[in-house]
Amino acid sequence: MEGSGDDHRFAGCVDGRLKSWVDPLSQPDEGDAFYGYTGPGYTEEFWILDVEGNRLMIAAERSPDSPSEDIAEMRAILDSIRIEP
355 MEGSGDDHRF AGCVDGRLKS WVDPLSQPDE GDAFYGYTGP GYTEEFWILD VEGNRLMIAA
415 ERSPDSPSED IAEMRAILDS IRIEP
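Residue numbers for the sequence shown follow our numbering, so the first one is 355 and each next one is one higher.
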């Protein structure tokens, strides 16, 4: 799944901030959200997997200003992920 911010600045969201996902285990504030969309073109990709009955979420983020070398490195890291029994 991929989400991307546009230039409407999330006017309908609480305090104008979009919660892309909520971490029920985050500390110190349980249930705190990730507020990564900081402006137009910010993109998050999610992989939500079932690993032997356990949910695993992998997220990767990038901004429009991310250097192509950083994006290539991120892709290489994501491509290297292996889940084995």
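All C-beta atoms in this analysis are idealised placements derived from N, C-alpha and C, irrespective of residue type, glycine included.
Per DSSP, residue i is paired with what?
i	result
GLU406	None, per the DSSP bridge assignment.
Please work out which residues of its chain come closer than 6 Å, Cβ to Cβ, to residue i, disregarding the five sequence neighbours upstream and downstream, and give them in chain order.
i	result
GLY440	Any property of residue 440 remains undetermined from this structure, which presents the chain solely from 355 to 439.
ILE402	MET411
MET428	ALA414
SER420	none
Looking at the unbroken alpha helix (DSSP H) that takes in residue i, where does it start and where does it end?
i	result
SER422	422-434
Thinking C-beta only, is residue j closer than 8 Å to residue i?
i	j	result
THR397	ARG409	no
ILE437	VAL405	yes
Spatial neighbours of residue i within its chain, please: C-beta separation below 7 Å, excluding the five flanking residues on both sides.
i	result
LEU432	ALA414
Among residues of its own chain, excluding the 5 on either side of residue i, which ones have a beta-carbon nearer than 8 Å to its beta-carbon?
i	result
SER422	none
PRO439	GLU406
ILE435	ILE412
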